[in-house]
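Engineer: Letter 166 of the first sequence, counting from 1, is numbered 200 in our numbering, and no numbers are missing. Built from N, CA and C at the ideal position, the CB exists for glycine as well. The structure that follows is given in the form of structure tokens.
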Amino acid sequence: MIDIKFLRENPDVVRASQKGRGENVELVDQILAIDEKKRAAVTEFEALRQEQNALSKSVGAAKGDEKTALLENAKALADKVKAADSKRAEVEEQTKQLVLQLSNLLDTEAPIGGEEDFVTIEHVGTPRDFGKDGFEPRDHVELGKLLGAIDTERGAKVAGSRSYYLTGVGALLEFALVNYAIQSALKNGFTPVIPPVLVNPAAMEGTGFLGQAAENVYRIEKDDVYLVGTSEVPLAAMHMDETLPADKLPLRYAGYSSCFRREAGTYGKDTRGIIRVHQFDKVEMFTFCKPEDAKAEHARLLQWEKDFLIAMEIPFRVIDVASGDLGSSATRKFDIEAWIPTQGAYREVTSTSNCTEFQARRLNIRYKDSEGTKALATLNGTLVAIPRMIVAILENHQNADGTVNVPAALQPFLGVKKFELA
RNA sequence: GGAGGAUUCGCAUAGCGGCCGAGUGCGCACGCUUGGAAAGCGUGUAUAGGGCAACCUAUCGAGGGUUCAAAUCCCUCAUCCUCCGCCA
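In structure tokens form, the structure reads like this:
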């Protein structure tokens, strides 16, 4: 949620941001207009209320005829107050609904444009030359079968498309990745968290996932709860309606959870394998910090993501996501894309967003220092999303015979240097 | 799933339909006292919105209702506790 005071004072900045995202610019003027109406309604209600409070007091003190006369006045006034109050409530609700439609202000450094207009910040590592190695790489589905690690056929039989079983070394690989991720998160000062994945509407709404992203969310209607698509939701909502002491900041959580995504509107996209699935496990980093520290924290989250990829010995690139492709909460977003040999392309494996005060304001999370209470900033970043990391590891580290070398960083967790054929 | 009880200012509690935005204790901050500390004494101690300000308005789990007037009465919901049932 954008600060309404900021919008009043800097409407041009908000207009420019909306334009950069390719979103409704007129919304800004609609909000300015209704905000004025709202303040008038509030003032009117408060004036009437003040009168009523005073009158009520005198009714209590009065006696006899005097009281009867005062009561009559008071009754008439009570109706006016009620009318003014419902008008106020109505305009306030309308204002809020409009303000909630605004996306976060764009970072001025974020590239402008659509999905294709990202800026590549750097490349790390070099894609392997399989020609030089003398064999044609197998894709992760094939390797998963050879190793007895991934079973998409039975996944489909039991749970439908985009479902899978991780078996044997596939399952072990998940445990190793999670353990390595949590271990590095601990080293970097994160508190490990296993959050609820079934959350109430307030949590979903507050984190901004019931807006444009709503159709990708599973809802359990009978109990009015949602399955989260990322632990960002329960981690952000963890401190909903709380005021945190300034000396506790930054607060860093590493959440490990299953993630559920309907993947509506992606028919035909990534149908093979486990690149795009309905359910997967992920370790997510989440930070609450002072707004002035958010930019530096964003750089740190990105660095930790890079460190993970480097430890997995996978070539990747970092992109600065363009304005039109940012989530509504993000002021700026960096994605890391890993090299996937059989696709001859870089594919997204992690993503980190700076949400500045936008998300915290929606969730009513603030911090308190000697100067008072203020909105704080929230940031999130993927440490590891299991299936895509498994894809990257299997494909990049495969040998001609279908066996796969285990990155050194994972060897202590797996006890082997190589995955053998099943 | 059933039966009871609870939810008030950081914590613990008091609260008669008007004198309650709300008392007390603890905690915390500042001051006095002291050679220094403790104790003692005094003052202060929520959030949001509006106003240059004095100040005004709202908030006693949430939402409705009754009333001139609701922390207080009524209804719905949420959460927590106790007991019973079921259960990984």
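Okay, do the stretch 178-188 and the stretch 374-386 touch, 3+ Cβ pairs below 8 Å being the bar?
Structural biologist: Touching, no.
Engineer: Which class does Arg422 belong to by DSSP, given the choice of helix, strand or coil?
Structural biologist: Taking the first residue of the first sequence as 1, we reach residue 422 at position 388. If DSSP states are grouped into helix, strand and coil, Arg422 belongs with the helices.
Engineer: Would you be able to state if there are at least three C-beta pairs under 8 Å between the stretch 266-275 and the stretch 225-236?
Structural biologist: Yes, they touch.
Engineer: Would you call the CB atoms of Leu140 and Ser362 closer than 8 Å?
Structural biologist: As a first step, residue 140 must be located in the first sequence, where it is residue number 106. As a first step, residue 362 must be located in the first sequence, where it is residue number 328. In this structure, Ser362 does not lie closer than 8 Å to Leu140 by Cβ.
Engineer: For the beta strand (DSSP E) containing Lys408, list its first residue and its last residue.
Structural biologist: Here residue 408 corresponds to residue number 374 of the first sequence, with the count starting at 1. Where Lys408 is concerned, the enclosing beta strand (DSSP E) stretches over 406-409.
Engineer: Look at the alpha carbon of Thr59 and the alpha carbon of Leu66, and state the distance between them as a whole number of angstroms.
Structural biologist: Along the first sequence, read from residue 1 onward, the residue named residue 59 stands at position 25. Along the first sequence, read from residue 1 onward, the residue named residue 66 stands at position 32. It is Val, not Thr, that sits at residue 59 in the sequence shown. So the alpha carbons of these two residues sit roughly 12 Å apart.
Engineer: Following the continuous alpha helix (DSSP H) through Glu176, name the residue where it begins and the one where it ends.
Structural biologist: Translated into positions along the first sequence, residue 176 becomes position 142. It spans 174-181 - the alpha helix (DSSP H) in which Glu176 sits, taken as one unbroken run.
Engineer: Which residue wins for smallest C-alpha separation from Val438, given the options Pro446, Gln445, Phe447, Leu428?
Structural biologist: Taking the first sequence and counting its residues from 1, the one referred to as residue 438 is at position 404. Nearest option by C-alpha distance: Leu428.
Engineer: Using beta-carbon positions only, say whether Val352 and Ile155 come within less than 8 Å of one another.
Structural biologist: Locating residue 352 in the first sequence gives position 318, where the first residue counts as 1. Locating residue 155 in the first sequence gives position 121, where the first residue counts as 1. Cβ distance < 8 Å, so Val352 and Ile155 count as in contact.
Engineer: Can you tell me whether Met272 is helix, strand or coil according to DSSP?
Structural biologist: As a first step, residue 272 must be located in the first sequence, where it is residue number 238. Met272: coil per DSSP, three-state reduction.
Engineer: Output the boundary residues of the alpha helix (DSSP H) element that contains Val352.
Structural biologist: Position 318 of the first sequence, counted from the first residue, corresponds to residue 352. Counting along the chain, Val352 falls outside any alpha helix (DSSP H), though it belongs to the beta strand (DSSP E) covering 350-354.
Engineer: Indicate whether Met319 and Arg286 have their beta-carbon atoms separated by less than 8 Å.
Structural biologist: Here the question's residue 319 lines up with position 285 in the first sequence. Here the question's residue 286 lines up with position 252 in the first sequence. Yes. Within cutoff.
Engineer: Kindly indicate which three-state DSSP category Leu455 falls into: helix, strand or coil?
Structural biologist: Here the question's residue 455 lines up with position 421 in the first sequence. Coil, per DSSP.
Engineer: If you compare alpha carbons, which of Leu181, Phe209, Ala81 is closest to Lys452?
Structural biologist: On the first sequence, residue 452 is found 418 positions in, with the first residue counted as 1. Measuring from the Cα of Lys452, the nearest candidate turns out to be Leu181.
Engineer: What separation, rounded to the nearest whole angstrom, lies between the Cα atoms of Ala443 and Lys221?
Structural biologist: On the first sequence, residue 443 is found 409 positions in, with the first residue counted as 1. On the first sequence, residue 221 is found 187 positions in, with the first residue counted as 1. Taking the straight line joining both Cα atoms gives about 15 Å.
Engineer: Can you tell me the Cα-Cα spacing of Ser404 and Glu176, whole angstroms?
Structural biologist: By one-based count along the first sequence, residue 404 stands at place 370. By one-based count along the first sequence, residue 176 stands at place 142. C-alpha separation (whole angstroms): 60 Å.
Engineer: Write down every uninterrupted run of the alpha helix (DSSP H) in the stretch 270-354 whose length is 4 residues or greater and which is fully enclosed by it, in chain order.
Structural biologist: The qualifying runs are 328-345.
Engineer: Under 8 Å, with one C-beta from each stretch per pair, do the stretch 367-374 and the stretch 334-354 reach the 3-pair mark?
Structural biologist: Yes, since at least three Cβ pairs between the stretch 367-374 and the stretch 334-354 fall closer than 8 Å, the two stretches touch.
Engineer: Just the Cα atoms here: how many angstroms apart are Leu200 and Phe164?
Structural biologist: Position 166 of the first sequence holds residue 200. Position 130 of the first sequence holds residue 164. Leu200 and Phe164: Cα-Cα distance of roughly 27 Å.
Engineer: Specify whether the stretch 385-402 and the stretch 235-252 touch according to this definition: at least 3 beta carbon pairs, one from each stretch, less than 8 Å apart.
Structural biologist: Judged by Cβ distances under 8 Å, the stretch 385-402 makes contact with the stretch 235-252, as three or more pairs qualify.
Engineer: Under the three-state reduction of DSSP, which class applies to Val383: helix, strand or coil?
Structural biologist: Here residue 383 corresponds to residue number 349 of the first sequence, with the count starting at 1. It is a strand residue.
Engineer: Take Ala88 and list the residues in its own chain whose beta-carbon comes closer than 7 Å to its own, dropping the five residues that flank it on each side.
Structural biologist: As a working mapping, residue 88 is identified with position 54 in the first sequence. Taken in chain order, the list of residues that qualify is empty.
Engineer: To the nearest angstrom, how far is the alpha carbon of Ala215 from that of Val76?
Structural biologist: Within the first sequence, the letter at position 181 stands for residue 215. Within the first sequence, the letter at position 42 stands for residue 76. Going by the C-alpha atoms only, they are around 51 Å apart.
Engineer: Let me make sure I understand the geometry here. Which of Ala108, His332, Leu335, Ser385 has the alpha-carbon closest to that of Gln86?
Structural biologist: Position 52 of the first sequence, counting from 1, holds the residue named residue 86. Gln86 has its Cα closest to that of Ala108, out of Ala108, His332, Leu335, Ser385.
Engineer: DSSP on Glu156, reduced to helix/strand/coil?
Structural biologist: Taking the first sequence and counting its residues from 1, one reaches residue 156 at position 122. Of the three classes helix, strand and coil, the one that applies to Glu156 here is strand, per DSSP.
Engineer: Since Pro284 and Asp341 should fall inside the 8 Å C-beta cutoff, what is the C-beta to C-beta distance between them, to a whole number of angstroms?
Structural biologist: As a first step, residue 284 must be located in the first sequence, where it is residue number 250. As a first step, residue 341 must be located in the first sequence, where it is residue number 307. With a Cβ gap of about 18 Å, Pro284 and Asp341 do not count as contacting.
Engineer: Could you pull out every residue in the same chain whose Cβ sits closer than 6 Å to the Cβ of Cys323, ignoring the five residues on either side in sequence?
Structural biologist: To locate residue 323, count along the first sequence from 1; it is residue 289. Here the set comprises Leu283, Pro284, Glu331, Ala411.
Engineer: Quick check: the Cα distance between Leu41 and Ile68, rounded to an integer number of angstroms?
Structural biologist: Numbered from its first residue, the first sequence carries residue 41 at position 7. Numbered from its first residue, the first sequence carries residue 68 at position 34. The straight-line gap from Cα to Cα measures roughly 13 Å.
Engineer: Could you check whether Leu132 and Gln64 sit closer than 8 Å to each other, using their CB atoms as the reference points?
Structural biologist: Residue mapping note: residue 64 aligns to position 30 of the first sequence, counting from 1. Residue mapping note: residue 132 aligns to position 98 of the first sequence, counting from 1. Yes, these two residues count as a Cβ contact at 8 Å.
Engineer: Are the CB atoms of Leu211 and Val418 within a distance shorter than 8 Å?
Structural biologist: Counted from its first residue, the first sequence places residue 418 at position 384. Counted from its first residue, the first sequence places residue 211 at position 177. Taking 8 Å as the Cβ cut-off, Val418 and Leu211 qualify as a contacting pair.
Engineer: By DSSP, does Ala210 sit in helix, in strand, or in coil?
Structural biologist: By 1-based counting over the first sequence, the position of residue 210 is 176. Three-state result, Ala210: helix.
Engineer: If you follow the alpha helix (DSSP H) that Phe243 is in, where does it begin and where does it stop?
Structural biologist: Along the first sequence, one-based indexing puts residue 243 at 209. Looking at the DSSP string, Phe243 is not in any alpha helix (DSSP H), and its letter there is neither H nor E.
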